[in-house]
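Here is the structure we will look at.
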Amino acid sequence: MTETAVAHPTEPAVRKATPGEARAPRRSGRRRIALPYLLLLPALLLELLVHLLPMLMGIAMSFKELTQFYIRNWNEAPWSGLDNYSVAIDFDAPVGQALLKSFLTTCLFTALSVGLCWLLGTAAAIFLQENFRGRGFLRTLFLVPYALPVYAAVITWAFMFQRDNGLINHVLHDQLGIGDSPAFWLIGDNSFWALLIVSVWKGWPFAFLTVMAGLQNIPRDMYEAAALDGAGVWKQIRHITLPSLRSVNQVLVLVLFLWTFNDFNTPFVLFGKAAPEAADLISLHIYQSSFQTWNFGTGSAMSVLLLLFLLVVTGVYLLLTSRGRKAADV
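So the mapping is simple: my numbering equals the position in the sequence shown, first residue as 1, plus 148.
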């Protein structure tokens with residue numbers, strides 16, 4: 149029979165840690181807290197280098213009379229104060245009128261594009277929640293516009309919108325007999341709708357992907373219980389799906405708004421350096437005001453005004469959505 153060691157009653161059960169041993173967990177805890185910040189530091193420095201410094205230079209340029217005569221050394225351009233901003237917001241003058249019209253066109257374009265992207269993406273995501281043959285193929289197919297490079301996709305659309313040998317006119321005019329003659333899509337009033345079609349085609353897969361990810365967090369039991377209570381498909385979407393996607397949709401709409409309002413690549417590739425008046429988005433308008441008139445001071449002032457507008461809209465939107473979320477939680 150083995151002899152069992154019994155601790156003395158007066159002997160402490162747990163040995164006290166020495167001061168050095170007590171400091172060791174604190175050090176490891178601090179290192180664990182500091183590690184994510186250290187890992188983010190290189191990305192933060194690159195972000196400041198790529199975005200913050202050019203933004204600060206653009207703000208400084210907006211206060212200078214920077215024209216083609218000072219391109220070689222823009223630091224020597226004379227100080228103009230707020231003159232560039234006065235020219236940009238003088239809506240009685242040609243420059244201000246053109247900027248205001250471009251701004252209103254961009255607002256209308258953004259509202260239509262974001263609304264259609266959200267509607268198509270949400271409808272497709274809800275439709276593909278049910279199991280059926282070919283669902284995986286449709287999911288992959290719907291994401292093709294989002295996976296294609298922007299330049300390749302928009303150039304393809306530009307060829308399709310050609311008046312004489314484009315696919316759009318071939319289908320609408322030659323095959324369906326719509327219109328007396330092939331339409332001009334890349335000039336005139338139709339250019340707005342051509343740009344809108346390309347923007348929606350390019351942006352709705354992102355909404356589809358985001359909403360489809362949000363739908364995965366909704367328990368299926370809620371739909372089954374609602375179906376047992378007699379709720380149809382539309383009532384389930386209205387009372388279960390959309391309320392459950394509120395937080396996802398809030399972020400989605402904000403991201404789509406910022407991307408669409410700031411979009412430069414799509415109109416530039418589709419129309420070139422000079423967009424038609426009907427499709428004169430503000431990003432391309434600022435480019436034209438800077439690089440075609442060689443008045444970089446006024447163009448920089450327009451860019452700063454656009455930045456301030458987007459910051460104000462984003463702040464107000466986040467404030468309203470946070471209040472709405474708190475009210476819904478209560």
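A virtual CB, placed ideally from N, CA and C, is assigned to each residue, including glycine.
Quiz item: With respect to the alpha helix (DSSP H) encompassing V401, which residues constitute its N-terminal and C-terminal limits?
Solution: Taking the first residue of the sequence shown as position 1, residue 401 is located at position 253. V401 -> alpha helix (DSSP H) spans 394-409.
Practice problem: Can you grab the Cα-Cα spacing for the pair P184 / L402, in whole Å? | Solution: Working through the sequence shown from its first residue, we reach residue 184 at position 36. Working through the sequence shown from its first residue, we reach residue 402 at position 254. If I take the Cα positions, the gap works out to 27 Å.
Quiz item: What is the C-beta distance between A427 and F439, in whole angstroms, given that I count them as a contact (C-beta under 8 Å)?
Solution: Here residue 427 is taken as the residue at index 279 of the sequence shown, counted from 1. Here residue 439 is taken as the residue at index 291 of the sequence shown, counted from 1. Their Cβ separation, rounded to whole angstroms, is 18 Å, which puts A427 and F439 out of contact at 8 Å.
Quiz prompt | Limits of the alpha helix (DSSP H) - the one that V381 falls within | solution = In the sequence shown, residue 381 corresponds to position 233, counting from 1. Per DSSP, V381 belongs to the alpha helix (DSSP H) from 381-384.
Quiz item: How far does the alpha helix (DSSP H) with L252 in it reach, from first residue to last?
Solution: On the sequence shown, residue 252 is found 104 positions in, with the first residue counted as 1. Segment 242-275, the alpha helix (DSSP H) holding L252.
Quiz item: In chain order, what residues of the same chain have a beta carbon less than 6 Å from the beta carbon of V298, not counting five sequence neighbours either side?
Solution: Position 150 of the sequence shown, counting from 1, holds the residue named residue 298. Excluding residues within five positions, the ones whose Cβ falls inside 6 Å are N413.
Quiz prompt | Where the alpha helix (DSSP H) through H433 begins and ends | solution = In the sequence shown, the residue the question calls residue 433 occupies position 285. It spans 430-439 - the alpha helix (DSSP H) in which H433 sits, taken as one unbroken run.
Exercise. Could you check which residue in Q364, W266, M370, G206 has the C-alpha nearest to that of R348?
Key: In the sequence shown, residue 348 corresponds to position 200, counting from 1. According to the sequence as given, residue 348 is Val; it is not Arg. Checking every option, the nearest Cα to that of V348 belongs to W266.
Quiz item: Any heavy atom of the ligand COA closer than 8 Å to the Cβ of L320?
Solution: The model depicted lacks the ligand COA and carries no ligand whatsoever.
Quiz prompt | Inter-residue spacing [alpha-carbon to alpha-carbon] between L344 and V464 | solution = Your numbering for residue 344 matches position 196 in the sequence shown. Your numbering for residue 464 matches position 316 in the sequence shown. The alpha-carbon of L344 is positioned some 26 Å away from that of V464.
Exercise. Run the CB neighbour count on G447, radius 10 Å, all protein chains shown included, and call it buried at 16 or more, exposed below.
Key: The residue labelled residue 447 in the question sits at position 299 within the sequence shown. With 16 or more Cβ atoms within 10 Å of its Cβ, G447 is classed as buried.
Quiz item: Can you list, in chain order, the residues of its chain whose CB lies under 7 Å from that of M308, leaving out five sequence neighbours each side?
Solution: Translated into the one-based positions of the sequence shown, residue 308 becomes position 160. Excluding sequence neighbours, M308 sits near G314, L315, I316.
Quiz item: Buried or exposed: which applies to G383, given that a residue is buried once 16 or more other Cβ atoms fall within 10 Å of its Cβ?
Solution: For this step, residue 383 is matched to residue 235 along the sequence shown. Here residue 383 is Lys; the residue named in the question, Gly, does not match the sequence. Counting Cβ neighbours within 10 Å, K383 comes out exposed, since fewer than 16 surround it.
Quiz item: If we count the other Cβ atoms within 10 Å of its Cβ and call it buried at 16 or more, is G263 buried or exposed?
Solution: Looking up residue 263 in the sequence shown gives position 115. Exposed.
Quiz prompt | Alpha-carbon to alpha-carbon, L192 and F239 | solution = Here residue 239 is taken as the residue at index 91 of the sequence shown, counted from 1. Here residue 192 is taken as the residue at index 44 of the sequence shown, counted from 1. Between F239 and L192, the C-alpha separation is close to 39 Å.
Practice problem: Could you have a look at K421 and say whether DSSP puts it in helix, strand or coil? | Solution: Here residue 421 refers to the residue found at position 273 of the sequence shown. Correct three-state label for K421: coil.
Exercise. To the nearest angstrom, report how far apart I388 and L289 are at their CA atoms.
Key: Here residue 388 is taken as the residue at index 240 of the sequence shown, counted from 1. Here residue 289 is taken as the residue at index 141 of the sequence shown, counted from 1. Cα-Cα distance, rounded: 27 Å.
Quiz item: Residues in its own chain within less than 8 Å of G229 by CB, not counting five upstream and five downstream?
Solution: For the purposes of this step, residue 229 is identified with residue 81 of the sequence shown, where counting begins at 1. Within the same chain, G229 has close Cβ partners F211.
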